[in-house]
Amino acid sequence: MSSTIPFVDLHAQYLSIKSEIDSVIADVISKSSFIRGPYVDKFEQMFADIMERKYCVSCANGTDSLYIAMVALGIQPGDEVIAPAHSWISTSETITQAGGKVVFCDTSPDTFTIDPRDIESKVTSRTVGIIPVHLFGQPADMDPIMAVASKYNLWVLEDCAQSHLARYKGKLVGTFGNAASFSFYPGKNLGAMGDAGAVITNDKILADKMTMFARHGGLKKGDHQIEGINSRMDGLQAAILSVKLPYLLTWTRLRQDRAARYSELLSSVHNVTPPVVAAESEHVWHLYVIKHDKRDELAIYLSKNGVQTVINYPTALPFLPAYKRLGHKAQDFPNAYANQSQILSLPIYPELSDIQMASVVETIGEFKI
Ligand SMILES: Cc1ncc(COP(=O)(O)O)c(C=O)c1O
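If you want the working numbering, it's the 1-based position in the sequence shown plus 830.
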């Protein structure tokens, strides 16, 4: 193989819109609009519009967006929040950060999203909310989740960090729950050139509470109604995201095209389980995650042969040292436990070429167990 196929290629995306990005960065600098300013207002409006929500509250990163939303939802010390056993740790660490208690729920063996059949058994008199994660870009099964939430009067905070523009039964994810959090970490489907995040909602009171908490407890400068935090999207990130947002649908279509091609090519490769897409889902392929019984050996083989891969995530949340205190065992979350040793994320991004994809699949095919 001639050159390494990177797991993500942020430079390729930059080159495709270089003049627009360079000019908007120069504009922010010339106006010194570093904190808030016109680009932040513009991006909040653009993102609310594309997500079909009334309010978008921008903040410093996706982790903060979860924390801010939970505080505004009124979480109290000891309140229980149900979260999937397999996700990035932001989903669960922010529950603790906000004063709540993490209650893990198993994930579905094929789609990797929270298993709705497992949720109801986790509900207790202390449960206040559920955080479904639309993991890897695939929507969680929202109908049964919303049904449990409504039965027990729970709030739903959708973690959309990996799922910009994904749809469940034709409806945008992020529009089902009370609020939805987003990350614009550089490698995300809509990525800034640094950290950035946002929460969207249709609830004005919630939007005001989130804005207030994220801005030192005040909606107006100097008017601190409560103690808050400092979590803001900076002007450069907002300007960059405003340039990128109009391309998001095209990039999403390209990711979907790349994923379809992978699945077609992989269908003739033995021992690989390509990702499963639920019938009601429009997956946006933040990650293309295969399963393989000899995952670790395959990852090493691919790396030696110039294909970068990542494991998202090698240890499901309940089994991390961070949650040792909960004393969970493998059999508490059998699907997440089984998946953690089999999953492997292949390179996927809009600019990934047919030649690169053919090379990735050919290399997987050459791997001998
Ligand atoms: C599922 C999920 N939730 C939350 C986050 C947190 O986002 P950030 O890295 O912007 O804080 C991420 C990002 O990695 C994520 O993948």
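Even glycine gets a Cβ: it sits at the ideal position worked out from N, Cα and C.
Query raised in the report: Say the cut is 7 Å; is the CB of Ala1160 nearer than that to a heavy atom of ligand 1?
Result: no
Query raised in the report: Any chance the CB of Gln1067 is under 7 Å from a heavy atom of ligand 1?
Result: no
Requested in this report: Tell me Leu1002's beta-bridge partners as DSSP assigns them.
Outcome: Arg997
Report task. Can you give me the start and stop residues for the beta strand (DSSP E) that Thr957 sits inside? Result -> Thr957 to Ile960
Requested in this report: Could you tell me how far apart the beta carbons of Leu1176 and Asn1142 are, in whole angstroms, since I believe they sit closer than 8 Å?
Outcome: The pair is not a contact, with the Cβ atoms about 11 Å apart (cut-off 8 Å).
Query raised in the report: Is the CB-CB distance between Leu1066 and Phe873 below 8 Å?
Result: no
Query - Every unbroken beta strand (DSSP E) within the stretch 1103 to 1144, with a cutoff of 3 residues, ordered by chain - result: 1118 to 1122
Requested in this report: Would you kindly work out how many angstroms separate the C-alpha atoms of Lys861 and Met876, rounded to a whole number?
Outcome: 21 Å
Query - Under 6 Å, CB to nearest heavy atom of ligand 1: contacting residues - result: Asn891, Gly892, Thr893, Ser917, Trp918, Ser920, Thr921, Val963, Asp989, Ala991, Gln992, Ser1013, Tyr1015, Asp1025 and Gly1027
Query - Residue interval of the alpha helix (DSSP H) (run including Ala1160) - result: It is not in any alpha helix (DSSP H) - Ala1160 carries neither H nor E in the DSSP assignment.
Requested in this report: Quick one: using the 10 Å Cβ neighbour count with 16 as the cut-off for buried, is Lys1198 buried or exposed?
Outcome: exposed
Query raised in the report: So the beta strand (DSSP E) Ser1011 belongs to, where does it begin and stop?
Result: Ala1009 to Ser1013
Query - Gly1027, DSSP secondary structure in three states - result: strand
Query - Cα-Cα separation, Val911 to Lys884 - result: 26 Å
Report task. Report the residue from Ser938, His841 and Arg1088 whose alpha carbon sits nearest the alpha carbon of Val1190. Result -> Arg1088
Requested in this report: Could you tell me whether the Cβ atoms of Thr1005 and Glu882 are closer together than 8 Å?
Outcome: yes
**Report entry** For Met831, the three-state DSSP class (helix, strand or coil)
**Finding:** Per-residue confidence for Met831 stands at a pLDDT of 45, beneath the threshold of 50, marking its modelled position as unreliable; no derived number is given.
Query raised in the report: Thinking C-beta only, is Pro1076 closer than 8 Å to Leu840?
Result: no
Requested in this report: Out of Lys999, Glu1057, Gly1021 and Val958, state which residue places its alpha-carbon closest to the alpha-carbon of Asn1008.
Outcome: Val958
Query raised in the report: What is the DSSP secondary structure of Leu1174, counted as helix, strand or coil?
Result: strand
Query raised in the report: What are the start and end residues of the alpha helix (DSSP H) that includes Leu1078?
Result: Leu1078 to Leu1096
**Report entry** Where the beta strand (DSSP E) through Glu988 begins and ends
**Finding:** Trp985 to Asp989
Query raised in the report: Is DSSP giving Tyr1179 helix, strand or coil here?
Result: coil
Query raised in the report: So Tyr885 is in the beta strand (DSSP E); what residue range does that whole segment cover?
Result: Tyr885 to Cys889
Report task. Could you give the DSSP three-state label for Asp852: helix, strand or coil? Result -> helix
Query raised in the report: Under a three-way DSSP split, which group does Arg1045 fall into?
Result: strand
Requested in this report: Would you kindly report the start and end of the unbroken beta strand (DSSP E) that includes Val911?
Outcome: Glu910 to Pro914
Report task. State the Cα-Cα distance for the pair Val1073 and Thr1080, rounded to the nearest angstrom. Result -> 13 Å
**Report entry** Among Pro946, Gln906 and Cys935, nearest to Gln927 - alpha-carbon criterion
**Finding:** Gln906
Query raised in the report: Of all the options Ser1093, Ala996, Ala1010 and Lys1050, which has the alpha carbon lying nearest to the alpha carbon of Val887?
Result: Ala1010
Requested in this report: Work out the CA separation of Ala1037 and Thr1031 for me, nearest whole Å.
Outcome: 7 Å
Query - Top-ranked residue by Cα proximity to Phe1043, from Ala890, Asp857, Pro868 and Glu1127 - result: Ala890
Query raised in the report: Going by the beta-carbon positions, is the gap between Gln1170 and Pro1151 smaller than 8 Å?
Result: no
Requested in this report: Write down the C-beta distance between Phe801 and Pro1148 rounded to the nearest angstrom, noting that I regard them as a contact closer than 8 Å.
Outcome: Limits of the chain in this structure are 831 at one end and 1199 at the other, which puts residue 801 out of reach.
**Report entry** One or two residues paired with Lys931 in a DSSP bridge
**Finding:** Glu910
Requested in this report: On the DSSP bridge assignment, give the partners of Asn1060 in chain order.
Outcome: Arg1045
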